[in-house]
Amino acid sequence: GRGALSNLFPRLPEHSPFENPQRLVIAALFRGIAYPKPLAFQAIVNRGHGEILDFPLFSFEPGLTALGMEAARGGAFAVLSRFHRSRFDEQRSEFEATVLALLRDYAPSVYARIDTKRFAVARPLDIGYVAITPVVRRGYARLSNGRTVLALGDAHITMDPVTGQGANKASHAAFVAGAAIRESSVFDEDFCARVSQRVCEYALPVSDACNARLMP
103 GRGALSNLFP RLPEHSPFEN PQRLVIAALF RGIAYPKPLA FQAIVNRGHG
153 EILDFPLFSF EPGLTALGME AARGGAFAVL SRFHRSRFDE QRSEFEATVL
203 ALLRDYAPSV YARIDTKRFA VARPLDIGYV AITPVVRRGY ARLSNGRTVL
253 ALGDAHITMD PVTGQGANKA SHAAFVAGAA IRESSVFDED FCARVSQRVC
303 EYALPVSDAC NARLMP
């Protein structure tokens, strides 16, 4: 969704309301957070500040919790933008203290499950930063050699992870394309247009709903 290949497919402005990322996303695996009972995924929305996504994760060691922090511009979570993965070793203590303070003030249900003496990012590799501009592109394009190519996944529709639907949307598109290939014998521009239309019947409402969640 972010490589040169995506540039083959024209942007559809009517489904692409943003020109730049609406959230800075910081995600990490943490130790020291007890699992909720019953076991569950939790999304905490703080209007004007962003969202905190809290979910247990099966990983290289038991008991890890993933936190995804979606920072809106100008909100309290935007303080996380001053941290950089390339400087994680020197910023680690400050980063963990900042996250802990944000959880205390904006996600008390998560904070109540934290052992503050154990709370820490599991490993330096277990943290990531991303800022995604959501965009919908036309689902097919004609190449200079006359052939037509079909866009799937993020190459077709790139979504902010706030609703957690990007992988589901891409998986659905793959199944639609697979069924169409099985049922067809001619794979031309009309074929690609039909598949794209079927994909969009599901994917566009999902994308539009995600974009709505990013609005003020």
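Count along the sequence shown starting at 1, add 102, and that's the number in the numbering used here.
Positions of the beta carbon are idealized from the N, C-alpha and C atoms, including for glycine.
Quantities reported herein were computed from a predicted structural model and do not represent experimental measurements.
With distances taken from CA atoms, which of the options is nearest residue i?
i	options	result
I135	G280, F221, I128, E196	F221
I229	L169, V288, E163, E192	L169
P307	E172, T265, F132	T265
K271	T235, D292, A311	A311
R133	P112, G165, N148	G165
C302	D262, H258, F293	H258
Alpha carbon to alpha carbon, how far is residue j from residue i? Give it in angstroms, no decimals.
i	j	result
E285	V232	39 Å
D217	V251	52 Å
E198	V223	7 Å
G150	V238	25 Å
A281	R300	11 Å
R296	I283	11 Å
G152	D290	44 Å
R189	L131	17 Å
D256	G268	8 Å
L141	F160	13 Å
A253	S108	8 Å
L126	A180	8 Å
Cutting at 6 Å between CB atoms, please list the residues of its own chain near residue i, excluding the five before and the five after it.
i	result
Y137	P158
A129	G170, G230
S298	G241, Y242
Q193	F185
L110	A243
With a threshold of 16 other CB atoms inside 10 Å of the CB of residue i, please say whether the residue is buried or exposed.
i	result
Q124	buried
E116	exposed
L227	exposed
S287	exposed
P102	Residue 102 lies beyond the range of the chain shown here (103 to 318); nothing can be said about it.
N329	Any question about residue 329 goes unanswered here, given that the chain covers just 103 to 318.
Spatial neighbours of residue i within its chain, please: CB distance less than 8 Å, with the 5 preceding and 5 following residues excluded, ordered by chain position.
i	result
D207	A178
L202	Y213, I216, T218, F221
Give me, in chain order, the residues of the same chain whose beta-carbon lies closer than 7 Å to that of residue i; leave out the 5 immediate sequence neighbours on both sides.
i	result
Y304	H274
L114	V238, R239, R240
Pairs of beta-carbons, one from the segment 205-215 and one from the segment 112-123, closer than 8 Å: are there three or more? The segment 205-215 is not in contact with the segment 112-123.
Assess contact between the segment 271-288 and the segment 149-166, defined as three or more Cβ pairs (one per stretch) separated by less than 8 Å. Is contact present? Look at the beta carbons and you see the segment 271-288 not touching the segment 149-166: under three pairs across the two are nearer than 8 Å.
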